[in-house]
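Below is one structure, written out as structure tokens; the observations come after it.
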């Protein structure tokens with residue numbers, strides 16, 4: 003079973019606070035968590051997680067974008083901080 007696949011963004015379907023819905027070149031649909039990955043642009047190469055669709059987990063037919071290969075890691079500037087915790 004294919005868990006991840008590379009594709010490219012063909013069309014931006016919707017942009018809302020924290021999420022972007024895109025159509026891929028393959029015709030499949032995916033959503034991007036923009037707080038983590040930033041917004042995608044048409045033509046961006048992305049890696050999608052196909053596991054939920056392949057396992058019929060009820061995602062409504064949407065894949066999840068895990069990486070945008072057209073951006074450098076420095077472009078991912080999610081808010082947050084590091085905490086030091088003891089092992090439990």
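In our numbering, the protein residues as written are 3 to 90. Every residue gets a Cβ at the ideal spot worked out from N, C-alpha and C, and that includes glycine.
DSSP three-state call for residue i: helix, strand or coil?
| i | result |
| --- | --- |
| residue 50 | strand |
| residue 19 | coil |
| residue 88 | coil |
Report the option in the options whose CA atom is closest to the CA atom of residue i.
| i | options | result |
| --- | --- | --- |
| residue 15 | 57, 71, 72 and 64 | 64 |
| residue 40 | 8, 26, 12 and 67 | 67 |
| residue 71 | 13, 49 and 7 | 49 |
| residue 37 | 55, 28, 7 and 17 | 17 |
| residue 13 | 28, 89 and 56 | 28 |
| residue 20 | 42, 86, 26 and 56 | 42 |
Mind checking which residues open and close the alpha helix (DSSP H) that includes residue i?
| i | result |
| --- | --- |
| residue 38 | 36–39 |
Between residue i and residue j, what straight-line distance do the alpha-carbon atoms span, to the nearest angstrom?
| i | j | result |
| --- | --- | --- |
| residue 31 | residue 74 | 23 Å |
| residue 47 | residue 35 | 16 Å |
| residue 22 | residue 58 | 22 Å |
Is residue i near residue j, with beta carbons less than 8 Å apart?
| i | j | result |
| --- | --- | --- |
| residue 10 | residue 62 | no |
First and last residue of the beta strand (DSSP E) that includes residue i?
| i | result |
| --- | --- |
| residue 58 | Unbroken run through residue 58: none, as it is neither H nor E. |
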